[in-house]
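Heads up: the structure comes next, in structure tokens.
Number of protein chains: 2
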Amino acid sequence: MSQKKAPEKPTGNHTSVEMEMADMVGKPLGGPGTQPTKPVRKKSSESMTSDPDLYYSVEDLRSEPPPGEPVSNRIRPMLGQGKHEAGALFFKDGYRRIDYVLAFPVPRRKHPVKVEHKPEDDSSAFHPEGEDQKVRRRREFEKNLIEAGLDLERDDETKDHGMCFVRLHAPWKVLSQYAEILKIKMPTKKIYELKERTGIKAKAYALWRKTIKPLQPSPQAKQVDKEPYKHISYTFSRDKEHMFLIENRDTFFLPSTRSLIVHEILKRTRYSQKDYAIGITNLIAQGVYTAAYPLHEGEFEGDTDIPPNPRQMLFDEWGSYSKFVKFQPLNLIRNYFGEKIGMYFAWLGLYTKLLIPSSLVGLIVFLYGVFTMDDNVPSDEVCEAYNITMCPLCDRECKYWRLSDSCKSAKFSHLFDNEVTVFFSIFMSLWATWFLENWKRKQMELNYAWDLSGFEEEEEQPRPEYEARLVKHRIEQSDKTGQGYGSASGNAEDSGMGEEVKLPKKQTLFAVGVSSVTILTMFTVTLAAVFAVIMYRLSVASALAIYPNSGQIVSGTAVTLNLIVILILDEIYGSVAAFLTNLECPRTETEYEDKLIFKLFLLKFVNSYASIFYVAFFKGRFMGRPGQYIYAAPGLRMEECGPGGCLYELCIQLSIIMAGKQLIQNNVMEIGMPKLKKFLRECTCFGLCKERAERAEDKAGPRDTRWEEDLVLEPFSGLSPEYLEMIIQFGFVTIFVASFPLAPLLALVNNVLEIRLDARKFVQELRRPMAERAKDIGIWYNILKGITKISVIVNAFVIAITSNFIPRTVYQYMYSPDGSLHGFIDWSLSTFNVSDFEPGSEPRDNRSLGEVVQFCRYRDFRDAPWEAEPYKYNLAYWHIFAARLGFVICFQNFIIFLRDFIGYIIPDVPKELDEQIKKENKIMMDALIHEENVRQGEVEMDPEKEPL
Amino acid sequence: MSQKKAPEKPTGNHTSVEMEMADMVGKPLGGPGTQPTKPVRKKSSESMTSDPDLYYSVEDLRSEPPPGEPVSNRIRPMLGQGKHEAGALFFKDGYRRIDYVLAFPVPRRKHPVKVEHKPEDDSSAFHPEGEDQKVRRRREFEKNLIEAGLDLERDDETKDHGMCFVRLHAPWKVLSQYAEILKIKMPTKKIYELKERTGIKAKAYALWRKTIKPLQPSPQAKQVDKEPYKHISYTFSRDKEHMFLIENRDTFFLPSTRSLIVHEILKRTRYSQKDYAIGITNLIAQGVYTAAYPLHEGEFEGDTDIPPNPRQMLFDEWGSYSKFVKFQPLNLIRNYFGEKIGMYFAWLGLYTKLLIPSSLVGLIVFLYGVFTMDDNVPSDEVCEAYNITMCPLCDRECKYWRLSDSCKSAKFSHLFDNEVTVFFSIFMSLWATWFLENWKRKQMELNYAWDLSGFEEEEEQPRPEYEARLVKHRIEQSDKTGQGYGSASGNAEDSGMGEEVKLPKKQTLFAVGVSSVTILTMFTVTLAAVFAVIMYRLSVASALAIYPNSGQIVSGTAVTLNLIVILILDEIYGSVAAFLTNLECPRTETEYEDKLIFKLFLLKFVNSYASIFYVAFFKGRFMGRPGQYIYAAPGLRMEECGPGGCLYELCIQLSIIMAGKQLIQNNVMEIGMPKLKKFLRECTCFGLCKERAERAEDKAGPRDTRWEEDLVLEPFSGLSPEYLEMIIQFGFVTIFVASFPLAPLLALVNNVLEIRLDARKFVQELRRPMAERAKDIGIWYNILKGITKISVIVNAFVIAITSNFIPRTVYQYMYSPDGSLHGFIDWSLSTFNVSDFEPGSEPRDNRSLGEVVQFCRYRDFRDAPWEAEPYKYNLAYWHIFAARLGFVICFQNFIIFLRDFIGYIIPDVPKELDEQIKKENKIMMDALIHEENVRQGEVEMDPEKEPL
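Going down the list, the sequences are from chains A and B.
Going by the UniProt record's numbering, the first residue of the first sequence is number 1, and it counts up by one from there.
Going by the UniProt record's numbering, the first residue of the second sequence is number 1, and it counts up by one from there.
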């Protein structure tokens, strides 16, 4: 329909704007001689404008709203005023939006700096030796920014000290040009009508929508078209500009896209003629600028803006704890923070949502345990076993004990070790796969909704640290060979490829070697810590053996000790990983991130799970048998599982570590740290604080500007820590879930809080990050997949080895006289003749209930002392052993099969979406062909044939 | 460098060409009144050209080579001649290339057909009722093709009978327009310098290249730049035309791209105003045209062209058996047949190449077996066991036998069942993963080299069969509701989405139900066939039991029977799968293919492997024990594995089926069938044959034209059968490789032939297919992955259960007195008291070596008759059982771990390629930005700053 209008020709006349750069070169920009905020840009065709407070180009004149159009809320007219409104997001002219801010400090100085235009020497390329060097680079950089088409507004640099800001605005010409080059997709006027569902489906869907309506964020915050159609997006192209849905050129590109484009320019702009002298990252690393950031869109609280600005909306709809039951306003997040951060929150949201069913099932499984606790044959038998005398749990000091003493823990262990555990393990393994499949689909949906499908990655620039190291290396090389450094690298830019710009393998290999050794050492440290806790438990246990109920105390303190060790080591490992990665000095930011993540994941994973693995698979397996115990240290017998069984201990270990870790690490530290850091930063921010303090005292004075407020915020430091935290939690939820069905519930509660906590952090505490694009969650997906795989085999072994499921089943189907579990406890205990104790290891008290003990019982399947080969594993042992292994095979392959089957039946791309995408491509292609034909006049304008 | 030239402006002036379409409408194009090959197109600005044999548009005049330029070999000037040269690939003017040919038959008729222009009724939309209907559609279709910008050349339609041809040419305007819309990447003038390797690497690489040089196809056929740089490709765009490497507009787009673009137009062009009346596929389905195809580029043999045309090159360099050691000329294949077919041959080539190492290892494993045959303790013990009397192999007729009788087969079985088997299984499992990883990389390389990275799939058109069914359904519906059909669907095209254009679920569900039931029935048939062969073997074996050595004969005939059944069922299943898929009537071609593949794969997979699975896991497992045999039918005891063991039988089964299947199915039938089909088609080709025969008699007469020759060829029917054949073979190579280490060698020999066979078929026997684009091998990759997964678990079980590896190992490490295998044979046999035979099942002859037998031995681990519980499984049995299961767990998880590890360390995208792609993107983006700046005059032309 819409294209029946005469095609809107771009209104801009592409008059070429030539500038007189000559008068820029060589003169200091911010020297004392220049006027405050003097225009940096001139036009050759016109004389300088009379108003010295405005910078503008020919194109920018178009930014003024046409006379008839209402002035939108976001563009407040401030023409002619010489000052910024407090918190304003625009240049002083009130029209040009500030898309990026560069900040640098002005040092205290006695006399004005004289900047001479002398050639830089090479070694200084990365070691600027003074303030004049910095000023020169800033000047060159800003000149090149203007050349690239950006508009600049600069603070008065003459003031004695404090921060100076350069504000950047990207005019339409630059935006449209880069949008085309970066292949950014934008909505066109073409619309796609969404299918109306019919029949029962439609009703069910309407009902469903009605049900979840209270959970949706407010419509304002959802930011989607309500109508049953959608504007098709297409890679932006200037010569097809009339096809795009441009209501207002100033607001056509989202603020996040604008900041992305400006960042792209900042990345590519030179600041000196030297090699590698490109990009804002290097400048920040050299201290030429302190920071570069896009602005937040206003205050996050208060009623300053009506309607609320996006930041306020985010804070109210997303960051508020009272909204914890609601979905996140993903589109708003993406529009504000960009796709990469949007992806993280979409992932976190989906994970949390899918935790609901698994929490429910976990709760039901737990409740099943609670309600069947009293009907359980084996624990009843334990409670009634007054006459079964058990062998002592430690040498000498421990006494014989009656099996009925462990009645309570037997009942308690039934909570977690019952028939439904196997079912729950299968459920959770499939749940994990289902979650990943769902995420793949969600990702596709987001890719489509956020127009990411055409996005390709481009070569990244090397990190400044890498470049510095490289230059250093070259200088060393040229010193050795005697050649000048400059001549060797002079024409690096001339060839398409440039010359080999890599550090030699030797240096890298050395760093990798150091890393590997350190990581192995750290593993040893972790294991040593686990072992230390074991030794603590053993020695305390044997010391306290004479006191009744000392077991609980020992276990409790040991687990707490474990937790503390884990928390401390986690912090240490964080620093170690960063240190090692810096040592390796990877070339690009992505490589850096990948390597750091890999190390962090390895170290923290092992740290978090080592003690749990020990309890699950090693504790009580290598203790020998009465009369032939194995000793960890002289006098310290290897641990035996408590009277409740190993699964029970595993459960306690897991729940305490998981809950404690989440409570302390994720919440307490995550809330506290940013506040602390902000406080510290405010005190050290290059004199700004003093100004602020002064201003705060003088209440009538000007309020802080937006860029000053934002500078004080914490810079965004990547999503890795957020992801890692969640991944470790995902491990708790899946890997050992067989032993602790409440883990998903615990995770759910944590994550509901976590989302709001993270949201507040992003809206409130962090500087606005540059809006990066990302199609997926990157390496994390593979890590999740790996954890899912590990979880299947670990769960299989937990059920087969740690729990009593297999012995019970074998007894029930092979040994029980009546097919019930009656007699299981007696069957699962072997008999020991106390005269076979090793000398010195027999208990001091050789009596139980007043009688001298002749035979005691222990948990194992061995022949009795009176049989041909006493204490040899009996047939039942081998039956159970074979059954355990058989179970592992069946369980694992069953899950693998089901998992692949689920992966097969759930298509990666939702079917409707797939159809829609293809349909849209077709509509768009038809429209383009039609367009062509119209343009070339081959087809008369026949309304009949015109495709919509 | 290159862009320093002044940018070449596109030379075409886009004068709009308006045509007088009015005089086209309503007049029959091919009617008897029209002149032969009268120009179909007129120009409004010029009067008709004087030469009535030429059709041209303004743009086409540019196709003539400029005076100074040498006339390239492929563009032979034929201006002014009124006839086609025999075998010519151009219009009569000698310049315009024929990009596509449409063929239709002219029926014999008594009087000229009168075509009236009457409105069609709806029901006839898919049931044209006569020749005039067809003529009308052809006319409308061709009119619309001309409107879309194609040039047409048409045969004289007045001749009495025979085939009529319409030749299509896409002029530059159409090509460039569609190349832009289809986002086809083309080489630009920007070059990327390939990295020169240095140091040892470079020398090793040079040596490697020198070594494999004889294996490379001739440089002519390789079609790559030799220089160490490469032209960067970028999505074609007309307004950046000067950036592309256009030497000659006529040859800029490859013939395959040209045919792709013409096909795209053919797909989109209407032939009537009715719904769905779009596209050449429908027209072919309705018989309006017989065929539509691009032309082969000349004859495949003979010295007609010097230098040889691409088809000749393909035939010589690729289709020749003498070139069997050489790599395939992949670029040439891709340029000729398109990316999809190129992918298949690249995949086949890689698979064959990687079969070489596995064949070698397999051969070594086999030779190890041969050389250690005489040093093998267990088989020596068997050969010396004169005094061990074995229980008879069947009831009544069979005799007691001495173990030493099976000496030969024991030795033979050592060939395949030795210590190295486990190693080889692990190797092959990893090999399969390695192959898949390599393929992923190769795919990425091809995607890059063939410029496929930007290619997105678009919505497909429904298949003609689906549309016909849909129209039928709608007519039924409108009959029911009483509404006219036309009014219900009148404005389907008006909305963006169209109305619900799908068949109701009920119809689909019914078809799916029928399919499922049929497939299950077919499975039953397969199993029944396997069972029938078993019964054959059992009954013949017991009938021939009295003859010595009858075992070999029975086995041999049974396996041959199996093979024959498999071959016959394979053919039947092919038809069944096609029938069922047609019944389901999927909407698009892709869906059709996927469903067909799924059915074919299921049926053929089960068919090929059922008998092998039986031998591996069921034969001899369920035979009971002496005195308590299990019977398959009265008097027919369940099969026991022969004296050589089960693995030996598996090996024979596998080798015969694999070799037989490949020899007969792949080679004999694949060579024979096309020749037979061609012969049949030549006799039924609408009278063309007669013409040809007449012409052949009249040797001085004109030779066949290219399009006549190509029409007689077999149409291309998809790659599924080719892939399926290879996938089944891949299954033989991986799934049961533990039992037959020579399988890879067999596959290798077959594939080396297969490549050349397929090549000849494509070059010689098939019509040239439309050059489809494809980024990958689609569903086949997942099937391969699935087979790899199955292979791991099957191999684990084959080693654990079928082979003697586990019992040998258990004996050696748990039971052997001296750690050797001495005594293993005796240990692995249990003892049976012949008095415990069930009455009637004891052998007639109760003597062995003249003595009455009291105890006989059998292969099992049971207690002796004199122990407490005779014939109960003993401890050794349970040890072995646990060991078997433990082995499966270890083997499977070890392989899974190694597999994932290999997947992790081999990146999907080769590192160098990844760097290169990113670098190219960056260079291209810099160039574009520079381009922009130059165009807008913002940067002076400063050669210093210009990025290359």
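Every residue, glycine too, gets a C-beta built ideally from N, C-alpha and C.
A quick note: this is a predicted structure, and the numbers were derived from the prediction, not measured.
N- and C-terminal bounds of the beta strand (DSSP E) containing residue i
i, result
"residue 192 of chain A", "185-193"
"residue 234 of chain B", "229-235"
"residue 874 of chain B", "Taken as a continuous stretch (DSSP letters only), residue 874 of chain B belongs to no beta strand (DSSP E), as it is neither H nor E."
Beta-carbon spacing of residue i, residue j below 8 Å
i, j, result
"residue 652 of chain A", "residue 559 of chain A", "yes"
"residue 266 of chain A", "residue 279 of chain A", "yes"
"residue 739 of chain B", "residue 647 of chain B", "yes"
"residue 805 of chain A", "residue 377 of chain A", "no"
"residue 301 of chain B", "residue 315 of chain B", "yes"
"residue 532 of chain A", "residue 654 of chain A", "no"
"residue 758 of chain A", "residue 708 of chain A", "no"
"residue 319 of chain B", "residue 763 of chain B", "yes"
"residue 99 of chain A", "residue 169 of chain A", "yes"
"residue 416 of chain A", "residue 361 of chain A", "no"
CB-CB length for residue i against residue j, believed under 8 Å
i, j, result
"residue 383 of chain B", "residue 407 of chain B", "4 Å"
"residue 604 of chain A", "residue 728 of chain A", "6 Å"
Sequence-distant residues of its chain with Cβ nearer than 6 Å to residue i (five each side left out)
i, result
"residue 120 of chain B", "Caution applies to residue 120 of chain B, whose pLDDT of 45 falls short of 50 and renders its modelled position unreliable; the value that the coordinates give is listed next. There are no such residues."
"residue 155 of chain A", "164, 165"
"residue 373 of chain A", "411, 414"
"residue 895 of chain B", "429, 792"
"residue 562 of chain B", "533, 611"
"residue 381 of chain A", "825"
Own chain, CB closer than 7 Å to residue i, minus 5 neighbours either side, in chain order
i, result
"residue 334 of chain B", "342, 450"
"residue 902 of chain B", "430, 433, 434, 437"
"residue 346 of chain A", "330, 442, 446"
"residue 464 of chain B", "281, 282, 285"
Enclosing alpha helix (DSSP H) for residue i [first to last residue]
i, result
"residue 581 of chain B", "550-584"
"residue 139 of chain B", "131-147"
Neighbourhood of residue i by C-beta distance below 8 Å, restricted to the same chain and skipping five residues each side
i, result
"residue 837 of chain B", "626, 627"
Subject >> Every unbroken alpha helix (DSSP H) within the region 335-413 of chain B, with a cutoff of 4 residues, ordered by chain >> reply: 339-371, 377-384
Original post:
Can you list, in chain order, the stretches of the alpha helix (DSSP H) that have 4 or more residues and sit fully within the region 711-752 of chain B?
Top reply: 720-734
Subject >> Any beta strand (DSSP E) of 3 or more consecutive residues that is wholly inside the region 241-313 of chain A >> reply: 291-293
Original post:
In chain order, which alpha helix (DSSP H) runs of at least 4 residues are fully inside the region 793-843 of chain A?
Top reply: 805-810, 824-827
Original post:
Going along the chain, which unbroken runs of the alpha helix (DSSP H) with 4 or more residues stay wholly within the region 878-910 of chain A?
Top reply: none
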